[in-house]
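Per my numbering, the sequence shown starts with residue 16, numbered consecutively.
Beta carbons are placed, not taken as given, at the ideal position from N, Cα and C, and that holds for glycine.
This one's a predicted model, so the numbers in the text were calculated from it and none came from an experiment.
Inspection log for the structure reproduced underneath, given as C-alpha coordinates.
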Amino acid sequence: MSNSTVQARIDPELKQEAEAIFAAMGMTTAQAIRIFLQQTVNRGGLPFQPTAKTPNGETIRAMAELEAKGGQVFETADALFADWGR
(Lines of atoms letter the chains of each structure in order from A and count residues from 1; the text may use other names and numbers.)
(Lines give C-alpha, C1' and ligand atoms only; values in the text may rest on other atoms or scores of the structure.)
Protein backbone atom coordinates (compact mmCIF):
# COMPACT_ATOMS: atom_id res chain seq x y z
CA MET A 1 0.00 0.00 0.00
CA SER A 2 1.40 3.41 -0.91
CA ASN A 3 1.12 6.39 1.42
CA SER A 4 -0.10 9.91 0.87
CA THR A 5 1.14 12.97 2.74
CA VAL A 6 -1.20 15.33 4.59
CA GLN A 7 0.06 18.78 5.61
CA ALA A 8 -1.66 21.31 7.84
CA ARG A 9 -0.70 24.57 9.49
CA ILE A 10 -1.27 24.24 13.23
CA ASP A 11 -0.72 26.65 16.09
CA PRO A 12 2.53 25.49 17.78
CA GLU A 13 0.98 25.49 21.26
CA LEU A 14 -2.00 23.41 20.10
CA LYS A 15 0.35 20.94 18.41
CA GLN A 16 2.51 20.64 21.53
CA GLU A 17 -0.51 20.10 23.81
CA ALA A 18 -2.02 17.50 21.48
CA GLU A 19 1.31 15.67 21.07
CA ALA A 20 1.64 15.42 24.87
CA ILE A 21 -1.82 13.82 25.07
CA PHE A 22 -1.07 11.41 22.23
CA ALA A 23 2.27 10.47 23.82
CA ALA A 24 0.52 9.76 27.12
CA MET A 25 -1.77 7.43 25.17
CA GLY A 26 1.23 5.74 23.56
CA MET A 27 0.72 7.04 20.03
CA THR A 28 2.23 9.51 17.63
CA THR A 29 0.46 12.45 16.04
CA ALA A 30 0.51 10.59 12.71
CA GLN A 31 -1.21 7.59 14.32
CA ALA A 32 -3.83 9.86 15.90
CA ILE A 33 -4.52 11.50 12.54
CA ARG A 34 -4.90 8.08 10.88
CA ILE A 35 -7.37 7.07 13.60
CA PHE A 36 -9.31 10.32 13.10
CA LEU A 37 -9.49 9.82 9.34
CA GLN A 38 -10.50 6.16 9.65
CA GLN A 39 -13.25 6.98 12.15
CA THR A 40 -14.49 9.77 9.87
CA VAL A 41 -14.85 7.23 7.07
CA ASN A 42 -16.40 4.60 9.37
CA ARG A 43 -19.05 7.04 10.66
CA GLY A 44 -19.61 8.92 7.43
CA GLY A 45 -18.90 12.20 9.23
CA LEU A 46 -16.91 13.66 12.06
CA PRO A 47 -16.32 11.09 14.82
CA PHE A 48 -17.33 13.62 17.49
CA GLN A 49 -19.77 16.47 18.04
CA PRO A 50 -17.95 19.80 17.57
CA THR A 51 -18.62 22.23 20.41
CA ALA A 52 -17.58 25.75 21.26
CA LYS A 53 -15.77 26.48 24.48
CA THR A 54 -18.24 27.74 27.03
CA PRO A 55 -17.42 29.97 29.97
CA ASN A 56 -17.60 28.48 33.45
CA GLY A 57 -20.29 29.49 35.94
CA GLU A 58 -18.23 32.20 37.61
CA THR A 59 -17.50 33.86 34.26
CA ILE A 60 -21.17 33.64 33.18
CA ARG A 61 -22.24 35.33 36.45
CA ALA A 62 -19.63 38.08 35.99
CA MET A 63 -20.78 38.68 32.41
CA ALA A 64 -24.42 38.90 33.55
CA GLU A 65 -23.44 41.35 36.30
CA LEU A 66 -21.69 43.61 33.80
CA GLU A 67 -24.61 43.43 31.35
CA ALA A 68 -26.90 44.54 34.20
CA LYS A 69 -24.59 47.56 34.68
CA GLY A 70 -23.23 46.11 37.92
CA GLY A 71 -19.66 45.55 38.97
CA GLN A 72 -16.77 47.94 38.75
CA VAL A 73 -15.29 49.37 35.58
CA PHE A 74 -11.67 50.53 35.46
CA GLU A 75 -10.19 52.83 32.85
CA THR A 76 -6.79 51.11 32.92
CA ALA A 77 -5.19 47.90 34.13
CA ASP A 78 -3.12 50.00 36.55
CA ALA A 79 -6.33 51.33 38.14
CA LEU A 80 -7.62 47.76 38.51
CA PHE A 81 -4.40 46.58 40.15
CA ALA A 82 -4.35 49.64 42.42
CA ASP A 83 -7.86 48.71 43.58
CA TRP A 84 -6.59 45.21 44.39
CA GLY A 85 -3.83 46.77 46.47
CA ARG A 86 -0.94 45.74 44.23
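Checklist entry - Of the choices 92, 45, 41, 85, whose alpha-carbon is the least far from that of residue 30? => result 45
Checklist entry - Do you know how far the Cα of residue 62 is from the Cα of residue 51? => result 7 Å
Item to check | DSSP three-state assignment for residue 52, whether helix, strand or coil | outcome: In this structure, residue 52 counts as helix in the three-state DSSP scheme.
Checklist entry - Whose C-beta lies closer than 7 Å to the C-beta of residue 34 among residues of the same chain, with five residues either side of it excluded? => result 44
Checklist entry - Are residue 86 and residue 80 touching if we call contact CB-CB under 8 Å? => result yes
Item to check | Spatial distance of residue 19 from residue 48 (CA atoms) | outcome: 13 Å
Next on the checklist: Between which residues of its own chain and residue 95 is the CB-CB distance below 7 Å, once the five residues before and five after are set aside?
Outcome noted: 89
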